[in-house]
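Structure record follows, encoded as structure tokens.
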Amino acid sequence: MVAAGIFLVFSFRQANPLRTDLTALLPLEQQDPARQKANDLISRSLAKRFIVLISHKDRAQARARAAELAKALEETKLVRPIGDDFSPDQFRKLGTLYFAHRAGLLSPGDRDALLADQGQDLAERAMAQIVGPGAIADARLLKADPFLLLPSFLLNLPFPATKLALDEGMLALRDENGTHILLSANLLADPFDLTVQQTIVSTFNRYEAALDRLDPPSIRRLGAVFFAEAGAHKAIDESSWLAGFSLAGTILLILVAFRGLRPLFLNLLVIAAGVVCGLSACLLVFAQVHVAVLLFGISLIGVAADYGFYYTATIFAAEDKTPEQRLKEILPGLSMALLIAVLGYGALAIAPFPGLRQIAIFSAVGLVSAYITTVLWLPLADRRKRPAHAAQTLRFITGLSRLWTDRRWRVLRLGFCGVLVVIVAAGLGRISFDDDLRKLQPLDASLIADQSAITAVTGLNLTTQYLLVEAASDERALQLEEQIAPMLGQWQKSGLIKTAQSPAAYVPSLARQAENQRLQREKLIEPFRAELLEAIGLQAGDLNPAPDEKLALATALESRAIPFLNELVLEPGLHVVTLQGVTSPERIRQEIAGMAGIKFVDPTADLSALLGLYRFRALVLLACSLGVISLLAAWRYGSSGAARALAPSFVALLVVPCALGLLGYAFTFFNAMAMVLLLSFTMDYSVFCAEGKAESRPITLLAVWLAALATILSFGVLGFSSTPVVASFGLTVLLGVALAGLLAPIAAPALKEPGGS
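Position 344 (the sequence shown) corresponds to 343 in numbering that gives the first Met the number 0; numbering is contiguous.
Below you can see the structure in the form of structure tokens.
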């Protein structure tokens, strides 16, 4: 335990091991490696990006405030220089790259015109642009590109749809409310690192605090780093007060039950061993821990206390036995309970969820540590005699236990069973399933308001839906994108999407560029160039013809001259076509069905579907766990004893989903995993009742009910979390443990008492 504590201190001093990326808790898509790789790369790229909208009625004020914020962010050394993508140098690089390879570049409209033998229209358009009002061509451009095909290509590049325009190096928009400046930034570090989040957010806070309070600009922000910081802040705050409440409740429970400081010390020792060793093991295996795991990990406070309760409850025994003798009597039950609990957490480790694996390691190692502490240390530290209130407490426990044995309470028992039957009958039809990923964690309301405001002002539609193009090479991938380009155009016209961006729209395939050169030569240059040159007063010898060199995708990527291109090409042969403003994902799936190498990816919907799949698998896992535990119980207690031991758990597992349905809660994957844990918790109580001797049954029930109350205190407080997945998990265990705790006496061998039934 000392070594684990030293390791914890070292881990937190070396670097903050807490992480806040919620998707890191979720399963990997193992059936489609390309899709998983694309999701990882895109989500990583999007997570590092954030935008800020500065608005002020005065243009100069808006620009000045934006420049100040950009400088403050850059000084953190965590942000790439802001505005690089829209700097004059960037546009010069873009123009230079395309100009050198202009021979094979055609806008979609110009290409369609040449395919339709409408070269005359392009020649007339060029003439109008050269000699008409507002002429856009200079002599050098005309000599290099007399038909002005390159400007047409540049104007038709599919940059993201937005109302913003470049204003002296800044993306800006002016409307009746003033001037809006958009800062687009990219982090150089992990946005889910707590230190990075705190640095960025504190920079914003200092900036806003220094603003003119009489005439401040409006500041809106959007990005994963802000949502993650808000979520982490809430999770850490919640884990602090939930853990404090759980610990305080457990301490109060121990003091009320045992009325002494030594039992409190013994139980706190067990709890500390479980938490410290569990967290250390988690960091040793994973090197980091998600803050949500801390929320679930606080449940170990109550569960680890079970072993301490089972031991310290033996001080109520009337016999004058040594601590070692008392431990020997309960050791089989302790060991059996640990085995079943570890089986339950082992089921969590099987699930392909990184977060659940962290919880499994945290809890399993924590419980084993609590068990070892109970067995090795508690007898050495325990020198307390039987407390004075022991007889009174045991009489009270005996009275409660008679609710399940005394004939006088038969009507009450039947009534209680009737209520359970009604809950099951009414709730079965109300059970609903909802695995929507967006409901896992509520987003900060102020940040949601900022997102809505930014979208309304700028027209930016920030989505993560895309087409994944997979081919043997970049050239083949570009050709596939060119094949679906007409379909994308139809989707835009019909309103199915707002815009689309594909690598081929920026860099045509080599085959397409060769065809473009042929079309220009045959349909435009040969029939119309001489006439155009004569009209504008140029000779063929004056021209600076475009070189035949084609623009390779690798060249464009290496130049980094084309914004967004490097984000669309994930690796050779694996490209992304981003879709903005998708109105019907299902229709898109239908239209691309059967297309080789083309897949529609909606990460949120895909993960939600995956959660649904693993919810089903979790229930199968629950059935398998129940089967294994049933075999263990039958081996240990015989068929009738196993039936008694399984009854509390079985009833709890049946009633809880129905009760959740009646309360209006949807059943999710995390409810299913809570049910797996619930089985191990409730079997813990049954095992001790089944293992306890008849003469010590009140002591056994005291330990069981104290353990159940401690678990309710630890898991029950999770039901008050503002994070739906945590609250739902906690409520599932709370209801199940409460019910199984009430039914625990059923698991004990029947007693033949006067008046019993």
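The beta-carbon is built from N, C-alpha and C at its ideal position, and this holds for glycine as well.
The beta strand (DSSP E) enclosing residue i, as first and last residue numbers
| i | result |
| --- | --- |
| V185 | According to the sequence provided, residue 185 is Asn. The question's Val does not apply to it. Per DSSP, N185 belongs to the beta strand (DSSP E) from 177 to 185. |
| D174 | 169 to 174 |
| I218 | 217 to 222 |
| Y757 | Residue 757 lies beyond the residue range present for the chain, which begins at 0 and ends at 756; the question has no answer from this structure. |
| D166 | 164 to 166 |
| Q450 | No beta strand (DSSP E) holds Q450; the alpha helix (DSSP H) holding it covers 444 to 457. |
| V468 | 465 to 469 |
Separation of residue j from residue i, as counted between CA atoms
| i | j | result |
| --- | --- | --- |
| G354 | N670 | 15 Å |
| L121 | F191 | 52 Å |
| A99 | P546 | 7 Å |
| V374 | A304 | 13 Å |
| T731 | L479 | 49 Å |
| R559 | G168 | 18 Å |
| M682 | L72 | 55 Å |
| A184 | S54 | 17 Å |
| F11 | G277 | 15 Å |
| L283 | Y344 | 18 Å |
| L532 | Q117 | 19 Å |
| L509 | K70 | 42 Å |
| M486 | A3 | 60 Å |
| K751 | D405 | Reliability fails at K751, whose pLDDT of 47 lies under 50, so the model's placement of it is uncertain and no value is given. |
| R517 | P602 | 41 Å |
| V410 | E585 | 56 Å |
| P562 | G596 | 25 Å |
| A617 | V655 | 16 Å |
| P744 | Y309 | 15 Å |
| N155 | T454 | 23 Å |
| L210 | L738 | 57 Å |
| D214 | G222 | 26 Å |
| L552 | F244 | 59 Å |
Unbroken alpha helix (DSSP H) run spanning residue i, endpoints
| i | result |
| --- | --- |
| I358 | 353 to 375 |
| G596 | It is not in any alpha helix (DSSP H) - G596 carries neither H nor E in the DSSP assignment. |
| E585 | 584 to 591 |
| E207 | 193 to 208 |
| T397 | 389 to 400 |
| L609 | 602 to 661 |
| L523 | L523 -> no alpha helix (DSSP H), and no H or E assigned at all. |
| S279 | 260 to 285 |
| A424 | 409 to 427 |
Whole-number beta carbon distance between residue j and residue i, since they are thought to touch under 8 Å
| i | j | result |
| --- | --- | --- |
| A340 | A348 | 13 Å between Cβ atoms; not a contact. |
| F285 | Q357 | 6 Å |
| T311 | F395 | Going by Cβ atoms, the distance from T311 to F395 rounds to 17 Å, so no, they are not a contact pair. |
| Q500 | T577 | 5 Å |
| L333 | Y370 | 7 Å |
| L621 | V675 | 5 Å |
| E474 | A503 | That belief does not hold up - the Cβ atoms of E474 and A503 are roughly 10 Å apart, past 8 Å. |
Residue i, buried or exposed, once every other Cβ within 10 Å from all chains shown has been counted against 16
| i | result |
| --- | --- |
| T321 | exposed |
| W490 | buried |
| D541 | exposed |
| Q324 | exposed |
| G755 | Residue placement at G755 cannot be trusted, given a pLDDT of 42 that sits under 50; what the coordinates show is reported in the next sentence. With fewer than 16 other Cβ atoms within 10 Å, it is exposed. |
| P753 | Below a pLDDT of 50, predicted positions are generally treated as unreliable, and P753, at 43, falls in that range; no measurement from the model is reported. |
| V1 | exposed |
| W634 | exposed |
| P145 | buried |
| D433 | exposed |
| W240 | exposed |
| A61 | buried |
| A623 | In the sequence under discussion, the amino acid at residue 623 is Cys, which differs from the Ala named in the question. Label assigned to C623: exposed. |
| Q450 | buried |
| T372 | buried |
| G426 | buried |
| K692 | exposed |
| P697 | buried |
| R64 | buried |
| S445 | exposed |
beta-carbon residue i near the ligand GDP non-hydrogen atom, thresh 6 Å
| i | result |
| --- | --- |
| T699 | Annotation note on the ligand GDP: not contained in the displayed structure, which lists no ligands. |
Whole beta strand (DSSP E) runs in the segment 41 to 84 with 3 or more residues, listed along the chain? 48 to 55
Kindly provide the ranges of any alpha helix (DSSP H) runs that are 4 or more residues long and lie completely inside the segment 493 to 518, ordered along the chain. 502 to 505
Continuous alpha helix (DSSP H) assignments of at least 4 residues falling wholly in the segment 93 to 160: 107 to 114, 118 to 130, 138 to 143, 148 to 154
With a floor of 3 residues, list each beta strand (DSSP E) that falls wholly inside the segment 558 to 586, ordered by position along the chain. 568 to 570, 573 to 579
Which runs of the alpha helix (DSSP H), 4 residues or longer, sit entirely within the segment 659 to 740? 668 to 690, 696 to 715
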